[in-house]
Amino acid sequence: MTPTPSLLPDSLLLNGREFRYHDLQQYPANSPTDLNGYEARVLDFCRQWLNGAQEFTLHTSGSTGTPQSVTMTRRQLEASARRTGDYFDLGPGQRMLVCLNCEYVGGIMMLVRAFERRMHLTIVEPQADPLALVPTEADFDFTSFVPLQLRAVLAAGHAPRLNRLKGILVGGAAVDKGLERDSQLLTVPVYLTYGMTETASHIALRRLNGPNPTPTYRVLPGIEVGQDERGCLTIVADVTRGQLITTNDRVQLLDAHTFEWLGRADFVINSGGVKVPAEKVEQALEIALMELGLTTRAFVAGRPEERLGEQVTAFLEGPALPAAQQQQLQALLSRRLGKYEVPRELVFVPQFSTTASGKLDRLATMRSVL
């Protein structure tokens, strides 16, 4: 039986071991000598937060460029935590499962939300199926996954456990059509997040499951969004310290609080002078793979080509498909895409590369086969 939680937790669980807040404030004094590197870094952040540190250095994942360091104030992180806590009605005594990488903003903000809302913290080192690391009788109220983790926990049959939660966030990478379909197995609300390190995680949410899933994001209260001349999203809020942040994400603004994500401005393939949006081709590829009954992960990018400059190329994870199936796939794509948008080549990669935060690393994956 899971014990009845006290309203004011004074400790957390990390990889199955209990650490009291009073001791964490003195960390690393009197700390266990057998901590691994990840555990040590998580506890060091907890020490800083519990001791009232006012500035924190966060690192971007590098999934869309060179990793960078971003300095965030305590007030920015508190504002983000408050916004999510209010939206999901998180409060004292509830239980938070943290299974994202706590060296990046997604995992760090889960810690901050738990501290600020006086929630019980269970932290496990990130892996594909994090629920395999906690007792089956353990109940939680809130958690966040990257898409790979959500896919794994559903495949492992954990849906009944997930349905006891109040809400699930999914972020850090795109969610394909197959995972959106599979999320309908859950009765707990599942939300895809939109945000970045510079905004202290998400500033908008999109409902993935339930009777009214939506293709659009809803901006959380207190966030102001707009567009630049390229049609890319701009953001101003307390989490940006009132400064305008201009993204590389092309959007369609439906009103002051709602937008549809169209794709990255820097994911446009220039093939022989024709600009092809990679995300559009990826969507068609996802649907075609589903129609063929395949669960293969895939993405589309421009591969260097002497005559065209870049050629539209589909990268698929796993062994090469039989020739007949490849022809079927190309035929399905030809029906949905213009002649310049259809991938000119299918490249099969044994395993996609990922960043430390679990995001697909397109550049590293492409370099592995070039």
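Letter 364 of the sequence shown, counting from 1, is numbered 364 in UniProt numbering, and no numbers are missing.
Even for Gly, the Cβ is constructed at its ideal location relative to N, Cα and C.
Bear in mind that the values here come from a model prediction, so they are computed numbers and not experimental data.
Candidates the options: which alpha carbon is nearest residue i's?
| i | options | result |
| --- | --- | --- |
| L50 | L97, Y21, L154, G171 | Y21 |
| A114 | R362, A132, G93 | G93 |
| D255 | V274, V219, R241, G263 | V219 |
| L24 | Q48, L35, M109 | Q48 |
| R41 | R74, P67, R82, G107 | G107 |
| E306 | P319, S271, P126 | S271 |
| S80 | M196, V170, L285 | M196 |
Based on the DSSP output, what are the partners of residue i in its beta bridges?
| i | result |
| --- | --- |
| F299 | F315 |
| I269 | V276 |
| W261 | V251 |
| T197 | Partner(s): none; T197 has no beta bridge. |
Consider the Cβ of residue i: report whether some Cβ of chain D lies at a distance smaller than 7 Å.
| i | result |
| --- | --- |
| H202 | Among the protein chains of the structure shown there is no chain D, as only one such chain exists. |
Is residue i buried or exposed, if buried means 16 or more other CB atoms sit within 10 Å of its CB?
| i | result |
| --- | --- |
| N209 | buried |
| P3 | Because the pLDDT at P3 is just 42, under 50, the model does not fix this residue reliably, and the point stays unresolved. |
| P9 | buried |
| E345 | exposed |
| R367 | exposed |
| N30 | exposed |
| L103 | Here residue 103 turns out to be Glu, not Leu, going by the sequence shown. Classification of E103: buried, given that the 10 Å Cβ count is 16 or more. |
| N101 | buried |
| residue 387 | With the chain running from 1 to 370 in the structure shown, residue 387 is simply not present. |
On the premise that residue j lies in contact with residue i, defined as a C-beta separation below 8 Å, what is that separation, rounded to the nearest angstrom?
| i | j | result |
| --- | --- | --- |
| D141 | K177 | Contact doesn't hold; Cβ gap of about 29 Å is too wide. |
| L233 | T247 | 5 Å |
| V300 | V281 | 4 Å |
| L111 | V124 | Rounded, the Cβ-Cβ distance is 13 Å, inconsistent with contact. |
| T296 | E310 | With a Cβ gap of about 23 Å, T296 and E310 do not count as contacting. |
| V239 | A200 | 5 Å |
| V251 | Q227 | 7 Å |
| V276 | V312 | 5 Å |
Excluding five sequence neighbours on each side, which residues of the same chain lie with their C-beta closer than 7 Å to the C-beta of residue i?
| i | result |
| --- | --- |
| R164 | D139 |
| V369 | V347, V349 |
| T84 | R113 |
| P5 | Reliability of the predicted coordinates at P5 is poor, the pLDDT of 48 falling under 50, and the value obtained from them is presented with this limitation in mind. So the list reads G93, R95, H120, once near-sequence residues are dropped. |
Excluding sequence positions up to five away, which residues of its chain have a Cβ less than 6 Å from the Cβ of residue i?
| i | result |
| --- | --- |
| S185 | A small correction: the amino acid at residue 185 is Leu; Ser does not occupy that position in the sequence shown. Contacts found: A159. |
| L12 | F19, L121 |
| P189 | G167 |
Under 8 Å Cβ to Cβ from residue i, same chain only, skipping five residues before and after it: list those, please.
| i | result |
| --- | --- |
| F88 | F142, K166, G167 |
| R328 | Note on residue identity: the sequence assigns Gln, not Arg, to residue 328. Contacts found: L292. |
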